[in-house]
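2 protein chains.
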Amino acid sequence: MKRPGPHACDAWQMLVQISMSHRASLPPLASELALSPAQCHVLHVLEPGRAVPMGELAGALSCDASNVTGLVDRLETRGLIKRQPSAEDRRVKVLTLTPAGARVRAQLVARMTAPPMTLGRLSPEEQQLLVTLLRRVLE
Amino acid sequence: MKRPGPHACDAWQMLVQISMSHRASLPPLASELALSPAQCHVLHVLEPGRAVPMGELAGALSCDASNVTGLVDRLETRGLIKRQPSAEDRRVKVLTLTPAGARVRAQLVARMTAPPMTLGRLSPEEQQLLVTLLRRVLE
DNA sequence: TATTGTTATACTCTATAACTATA
DNA sequence: TATAGTTATAGAGTATAACAATA
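Respectively, the protein sequence lines represent chains A and B. Okay, so the first sequence: first residue is -13 according to our numbering, each after it adds one. Okay, so the second sequence: first residue is -13 according to our numbering, each after it adds one.
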């Protein structure tokens, strides 16, 4: 892979700016769904139909495994996710969304991805272009 | 202002994706500087040379004022920021970075905005274009 | 022996409610 | 009377270290 390139810093700096303001927008959004920001992050990682080992979740959240135990406890108590021992390796427990959890996650994603009005400053063609560029950055 | 537009959802969805993965990257980065993610957010808001009232910080973080008190307490104890009563309204306390705080913030911003290799997938011209588009979305 | 997840502990983050000082 | 910030309190988020079960 090539080096990031001359304008990569500028571009990334703005993406970081967006990320930080997105971080600030999460608490009120989470509050509407009676979730914490951390719980939102868990639900965002747990895509419907996917079974995620607890250790993998810890990796996705960049947090300690002991922390995941507590997060999962609370979400499981609320009936949004469930944990089951893995068939192959019985040390592992895999997480899946419950139907209720999938509904809450859908609401979460819908609100989280409601585009801000400022995107309207770009023409449809420019928006399409932005999508194309970001898609390549994300893979 | 116009409505967001047809491709705004796609674009914003990808920006959210970037934001969530950026959220996951913050804990290890913060840890290197012996900070918490919340403290990083405070330092990020406190640009060098700017005096920010505590209430304004609470707004920028979307959190309660009582929470800001604790965050500021700990950062002040570490000598990274200082709070002073405002001259105009003595109920208000304004926050500024100390020289040490400015240095830590500079390190933080430098590491936070180190562009990921994936930006190298775009040509310099495309990176420039991305910068232009994002700048207009950000204002 | 090494690894996955849990528990115990301690500290930080966070909101709510009551309070103080100022306007 | 209203507002900015603090304090007290309680619960959630988080890491470290010790532990249990499994590999």
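For glycine and all other residues, C-beta sits at the position ideal for the given N, C-alpha and C.
message: Starting from THR82/B, trace the alpha helix (DSSP H) in both directions and tell me its first and last residue.
response: No alpha helix (DSSP H) contains THR82/B, which is instead part of the beta strand (DSSP E) from 79 to 83.
Inter-stretch contact (C-beta, 8 Å, three-pair minimum) for the stretch 70 to 78 of chain B and the stretch 96 to 104 of chain B: no
query: Relative to the alpha-carbon of THR104/A, which residue among PRO(-10)/A, ILE4/A, CYS(-5)/A has its alpha-carbon at the smallest distance?
result: ILE4/A
Sequence-distant residues of the same chain with beta carbon closer than 7 Å to LEU43/B, five excluded per side: VAL28, VAL31, VAL54, LEU81
query: Anyone know if the C-beta pair for LEU108/A and VAL2/B falls short of 8 Å?
result: no
- prompt: Can you list the residues of chain A that ASP(-4)/B reaches, using a CB-CB cut of under 7 Å?
  reply: VAL117
- prompt: What runs of the beta strand (DSSP E), each 3 residues or longer, lie entirely inside the stretch 41 to 96 of chain B?
  reply: 67 to 71, 79 to 83
task: Tell me whether GLN113/A is buried or exposed, calling it buried when 16 or more other Cβ atoms sit within 10 Å of its Cβ.
output: buried
- prompt: In the stretch 3 to 26 of chain B, which residues sit with their C-beta less than 8 Å from some C-beta in chain A, listed in chain order?
  reply: GLN3, ILE4, SER5, MET6, HIS8, ARG9, ALA10, SER11, LEU12, PRO13, PRO14
query: Which first and last residues belong to the alpha helix (DSSP H) in which PRO144/B is found?
result: A question about residue 144/B goes unanswered here, because the residues of chain B that appear run from -13 up to 125.
- prompt: Would you say GLU112/A faces chain B, with C-beta separation under 8 Å as the test?
  reply: yes
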